[in-house]
Each structure stands twice: as C-alpha cells, then as structure tokens.
Amino acid sequence: MEVKCYKGAKDSDITTIEVEESAILEDVRSLLTQKGFIEPDNRQKGIAYRFIIKRTKKEPGKDKMTLDDSVMPIDIEDIATVYKIWGFEKQIVLTNIDAPHPDLVGFACDSWNNRYASASCSLNYIDPEAIKQNNAIAAFKPMMLTDVLSTNKNKIASFENVCICKKGSVVQFHISSWGAAGFHFKIEPGAGDPIVKELACAFDDSPNRYGQTYTRSWQEKGKIIEIQAVDELDGLIPGNRIAYQKIIISTRNLISYKKGDKSYSSDATPPIPTLPGSRQILLAGNFASEYDIRRSLATAPMNENIMVDGDSITPGTATTGGSSTETHGTIYSCVTAPWEEALGVIVIHFFVFKTEEEALNTIQGLNSPDPDLWK
1 MEVKCYKGAK DSDITTIEVE ESAILEDVRS LLTQKGFIEP DNRQKGIAYR FIIKRTKKEP
61 GKDKMTLDDS VMPIDIEDIA TVYKIWGFEK QIVLTNIDAP HPDLVGFACD SWNNRYASAS
121 CSLNYIDPEA IKQNNAIAAF KPMMLTDVLS TNKNKIASFE NVCICKKGSV VQFHISSWGA
181 AGFHFKIEPG AGDPIVKELA CAFDDSPNRY GQTYTRSWQE KGKIIEIQAV DELDGLIPGN
241 RIAYQKIIIS TRNLISYKKG DKSYSSDATP PIPTLPGSRQ ILLAGNFASE YDIRRSLATA
301 PMNENIMVDG DSITPGTATT GGSSTETHGT IYSCVTAPWE EALGVIVIHF FVFKTEEEAL
361 NTIQGLNSPD PDLWK
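Numbering-wise (full-length UniProt numbering), the sequence shown opens with residue 1 and increments by one.
In structure tokens form, the structure reads like this:
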C-alpha cells in the first residue's frame, strides 16, 4: 500500500513509501532512515523523530490529553504497528521532539468555552473591505484548536485555546454567554488597545438565559479586525510578542439597563454550568478558486488529533484593517456585576502560517479532511 509520510509542512517534508497497516513501526523507521527522509536520533544535534498517534483517545479519568497520548514511545516501536498511529487518510506523521520550534498537537473544535461563556472565530464575509481582503489572499476558515501541547518536553508549552489563520485574514468573533438581563463582553489583546472595550447583548423581555452576539470591528476605531504576524508589525512593545499573541474574551452579568423609555432588570444568578465542552471536530480545507473556500471545519470523529509543524507558524495578533460598516445599538443606565465576577474568561493564542505551501499541507495532508463534507 502506498502511504504518504510527513515530518513537517513544506513540500520537501513529504515522502511516499510502500507499507502495510500491519507493518511494525521499527521497520518503518528503518525504511524512512534508509531513504534519507529522517535521520537517526542525535539528541546533541536536536534530532529525535517520533511517530504521532493520529487516532488517539483521552484516557478514562483524565481531564486533558497528555503528550503520551499523542506521541508513540520509541521503546515500543518493535511491537506497535502502522495501524496504531496513522490518520483516517492513512497518513503517517512524525514529529521531532527535540526541535527548537516545537510542533503542536491538539484537537479541532467549533467553540472555546469557559464556565458560562463560549466564543469562536470565523472569517468576516459581511464588510465589503473584509470580503475584498479575504478573497484577495484566498483566506481559509481559521483553525480553532483546544487542548494544544508542544511535542518538545524540554520546551514545555500548552495552550488551552489556539487559533491559526492565514496571514492577513479578516475575522469576526462570535460570543455566547448566560446573562440575567443580558451580558456585557470585552475583547482585549494581552497588550495594546482593546478590540472591544465594552459592549452589551441585551435580552429585553426574555431574561435569564444564554444569548449570543458577534462583533467584526474595533469598537472605537470602526475598522475591520485583521490577523497579522506579530514580528511584521511596527509600533509594538519589544519583547511582548506573547502578550500581543493572546486575545482575551470576557463576559459579565448585565443586571439592569434602560432602552428607549423602557427599563429592564433581573437579579437572577447563573445556574449550575451546563455549557458543553468544546466539540472536537476534524480539520478539512481546500480552495475551489482564488475567491472560494471549498473546505472548512466539519463535525468529525472525536479521536483524531491535529498536528501543526512548529516551523510553519509564527505568533499572530489582531490589527486594524479597512473600514467596517458595523454599528451598535444603544442602551444606558447599565448596572452590571464587576469584572472580578466574570461569567467566563476565554484566552486564545493566535498564530499565522508563514507560507501558503505550509498552510495547504497542514490542512490537506498532515490532517485528514472529512469526506462527508462533500457528499
């Protein structure tokens, strides 16, 4: 059987071998080494390739995945088979666990959740300036990941929530939260100006529930939200790239407000949290043309992880783009809970792909597309 093998996201990081699903991983390693695709372990030179367990499950009793759930130990390669580690597209993926820029493994999801709040990120196809920009760069749906780990144990890094975009993508945020009379929300980078200083989702005559809203612009600037590489932007505080990379979405309870000549209020308290965890989904992606997105994230098996080559991405952040047409309604005399009693705080780390080549190989090769999406 012809099988594709990946050790990264560049075209040169892909090879094809003849192997059966019953083949022992030790023999596959020897084949890839003889072919010159990978080198033998040399920890002093930072070379230590391991097989990613693409189809993996969280062990019973564990709250989160660990690296041992996603990376096959080399000392059992003499008994483990290809079937145990390949993805649903029958691809074999390797990671260098000593690489200076560690690979990331995690799960695709359709929302990021914290207590009573959830959020997601999608392309802005409403504002004319956003449509123009996203079409010009052939933007694809942002990769939303959760439970993300670095494969290099010496460079420990874990991200509860990650979003990876094509450089220059124009996005919007969808926010859901419980509220009494409604909820307030804010969206802030870890450093720099807030995207949303404070806006409200008011429930009017239907209080004490979950509600949802979205925003696609910088509240006080009237500009679309563009995701760019931190290192390519001028005017940022030196040494703060990780802070700029973080975008924090918070919600708090709206207790009362006035709208027109009518007042609304509720002193209800939140119920026991029932918001489900992030729904893990499978990554898929392709482009029909310069202007269309053919593939996106879709519901998929719960047990295939997503692998992202650490050399293919760089920290990203939100910056201002062209003009937005978004407007906001007005309420006043608002009474809210303090931010210290936030209903939810969601921290998202943003990255952008360095090149088109690496983006496409990550979406279409390293990770399996969902075939049901095209039926």
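In this text, a Cβ means the ideal position worked out from N, Cα and C, and glycines have one as well.
- When the five nearest sequence neighbours on each side are left out, the beta carbons in the same chain lying within less than 7 angstroms of the beta carbon of Glu358 are those of Ala9, Lys10, Asp309, Ser312, in order along the chain.
- DSSP assignment within the segment 116-170 yields the following whole beta strand (DSSP E) runs of 3 residues or more, N-terminal first: 117-123, 143-150, 158-166.
- Annotation for Tyr244: the continuous alpha helix (DSSP H) segment containing it runs 241-245.
- Asn96 sits in a strand when the DSSP states are folded into three classes.
- Per DSSP, Ser206 lies in no alpha helix (DSSP H) and is assigned neither H nor E.
- Looking at the backbone, the Cα of Arg29 and that of Asp110 are separated by about 35 angstroms.
- Distance between Leu343 and Trp178, taken at the CA atoms: about 7 angstroms.
- As the crow flies, the alpha-carbon of Phe351 is around 41 angstroms from that of Tyr264.
- Nearest Cα to Lys246 within the set Asp78, Ala229, Gly235: Ala229.
- For Thr325, there is no enclosing alpha helix (DSSP H), as DSSP gives it neither H nor E.
- Contact annotation: the segment 320-336 touches the segment 224-243, with at least three C-beta pairs closer than 8 angstroms.
- Residue pairing by DSSP places His101 in no beta bridge whatsoever.
- Contact between Phe353 and Ile92 fails: their C-beta atoms lie close to 22 angstroms from each other, not under 8 angstroms.
- Using a Cβ-Cβ distance cut-off of 8 angstroms, the segment 141-151 and the segment 64-73 are in contact, since at least three pairs of beta carbons, one from each stretch, lie closer than that value.
- Counting C-beta pairs with one atom in each stretch, the segment 123-139 and the segment 178-195 have fewer than three that are closer than 8 angstroms, which means they do not touch.
- Ala181 carries a coil assignment under DSSP once its states are collapsed to helix, strand and coil.
- Where Arg43 is concerned, there is no enclosing alpha helix (DSSP H), because DSSP gives it neither an H nor an E.
- Around the beta carbon of Met1, fewer than 16 other beta carbons sit within 10 angstroms, so the residue counts as exposed.
- Taking 8 angstroms as the cut-off, the Cβ atoms of Ser250 and Trp112 do not count as close.
- Annotated three-state conformation of Val347 is strand, per DSSP.
- In summary, Ala99 is buried, with 16 or more beta-carbon neighbours lying within 10 Å of its beta-carbon over all protein chains present.
- Secondary structure of Glu198 (DSSP, three-state): strand.
- Between the segment 112-123 and the segment 68-78 there are fewer than three C-beta pairs closer than 8 angstroms, too few to call the two in contact.
- Distance check between Ala157 and each of Val196, Asp103, Arg209 places Asp103 closest, using alpha-carbon atoms only.
- For Thr81, the three-state secondary structure derived from DSSP is strand.
- Distance from the CA of Ile97 to the CA of Thr151, rounded to the nearest whole angstrom, comes to 5 angstroms.
- The three-state reading of DSSP puts Ala359 in helix, counting H, G and I together.
- Under the DSSP definition of a beta bridge, Pro315 partners with Phe351.
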